[in-house]
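In my numbering, the protein residues as written are 76 to 314.
By construction, the Cβ of each residue, glycine as well, lies at the ideal position given by its N, Cα and C atoms.
Structure, as structure tokens:
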Amino acid sequence: MRRAALVAVLALGCHNGGGGTPDASVGDGGLRLLGPTHSGNYNLGPVEWSGSFSNACAPYPSSMQTLEGELLAGLSNQVAGDGSYCDACAYVKTGKGKELVVRVVTYGVSNGPDDMDLSQAAYQTISSGEYPRSMTWNLVECPTTDPAWIQFQTAANPYWTSLWVRNPREAVTTLEAKSPNHANWFALTRGTDGTFTDPGGFGTGPFTLRITGVDGAQFSPSLSGFSGGELVSAGANLP
């Protein structure tokens, strides 16, 4: 189901208090800014689900493409090159006062570290034909009630387990697992494509994940097992 709140322009006022205070609310919509304000320019970029340029956080199953919508963004290598912003939401406010929430699905070369490339749909939504196209952006809590999803890499197996957390309510900072191979919480390693990997694998059988968001929120979905390439609902999302 596509989230109407994520595919519409947000007529909100920005009340970011300290210019970088976590959890500041934005207008009547109740969005929470999660971290510092970035100031740069927005551009129409090669940011789409399909085309000649692949997304750094890909691949995305078609169901995730539908869920996350068409308002997409790419950030600079300087900010997102470690994969930590994959699937996060960002609140964008242009110098002309237009506002939008976009989903980050890639990163790459940009003119400035805080610039943002937008998909055609996102660009057309907020562009007023101005130049330069100044804007600010913040990580933000996604306006969604949908669950997070766990997407296992195609080659994932009990001896090498790797996965993405798709559609998180906010940027994910850490992912830990308790599994047949880990009696205590084991921190997975994040890759530059946004994956989390256990090089020794979870083993065979049930396991529990502990997902931590950028503001410290956590939830712990339990799964009975997995197979390579599987996409599984986490049943809930970060609170």
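1. Using 7 Å as the threshold, is the C-beta distance between residue 130 and residue 181 below it?
2. Tell me whether the stretch 220-229 and the stretch 248-265 touch, counting them as touching only if at least three CB pairs, one residue from each stretch, are closer than 8 Å.
3. By the three-class DSSP mapping on this structure, what secondary structure does residue 312 have?
4. Please classify residue 162 as buried or exposed, where buried requires at least 16 other C-beta atoms within 10 Å of its C-beta.
5. From what residue to what residue does the alpha helix (DSSP H) around residue 143 run?
6. For residue 176, which of 167, 183 and 184 has the nearest alpha-carbon?
7. Does DSSP put residue 186 in a helix, a strand or coil?
8. Exposed or buried, residue 309, counting other C-beta atoms within 10 Å across all chains shown (16 or more means buried)?
9. How close, in whole Å, do the beta carbons of residue 189 and residue 114 come, if the pair is a contact with beta carbons under 8 Å?
10. Any heavy atom of the ligand MG within a distance shorter than 6 Å of the CB on residue 281?
11. For a minimum of 3 consecutive residues, which ranges assigned as the beta strand (DSSP E) are wholly contained in the stretch 219-286?
12. With burial defined as no fewer than 16 other Cβ atoms inside 10 Å of the residue's Cβ, what is the status of residue 205: buried or exposed?
13. Kindly give me the distance between the Cβ atoms of residue 287 and residue 237, rounded to whole angstroms, as I take these residues to be in contact under 8 Å.
14. Which one of 173, 164, 257 and 169 has the shortest CA to CA distance from residue 106?
15. Using the beta-carbon count (16 or more within 10 Å), is residue 304 buried or exposed?
16. What span of residues does the beta strand (DSSP E) with residue 165 cover, start to end?
17. Please state the DSSP three-state secondary structure of residue 198.
18. Can you grab the Cα-Cα spacing for the pair residue 290 / residue 311, in whole Å?
19. For residue 293, count neighbouring Cβ atoms within 10 angstroms of its own Cβ and tell me buried if that reaches 16, exposed if not.
20. For residue 155, which residues in the same chain have their Cβ closer than 6 Å to its Cβ, ignoring the five residues on either side in sequence?
21. Since residue 269 and residue 300 should fall inside the 8 Å C-beta cutoff, what is the C-beta to C-beta distance between them, to a whole number of angstroms?
22. Determine, using beta carbons only, whether residue 172 comes closer than 7 Å to chain C.
Taking the definition as stated:
1. yes
2. no
3. coil
4. buried
5. 137-143
6. 167
7. coil
8. buried
9. 6 Å
10. Among the components of this structure there are no ligands whatsoever, and the ligand MG is therefore not found.
11. 224-227, 236-241, 247-254, 257-262 and 271-273
12. exposed
13. Not quite, the Cβ-Cβ distance comes to about 18 Å (not below 8 Å), so this is no contact.
14. 164
15. exposed
16. 164-169
17. helix
18. 17 Å
19. exposed
20. 182
21. With 8 Å as the limit, residue 269 and residue 300 do not qualify as a contact, their Cβ atoms being about 23 Å apart.
22. You won't find chain C in this structure, because it holds only one protein chain.
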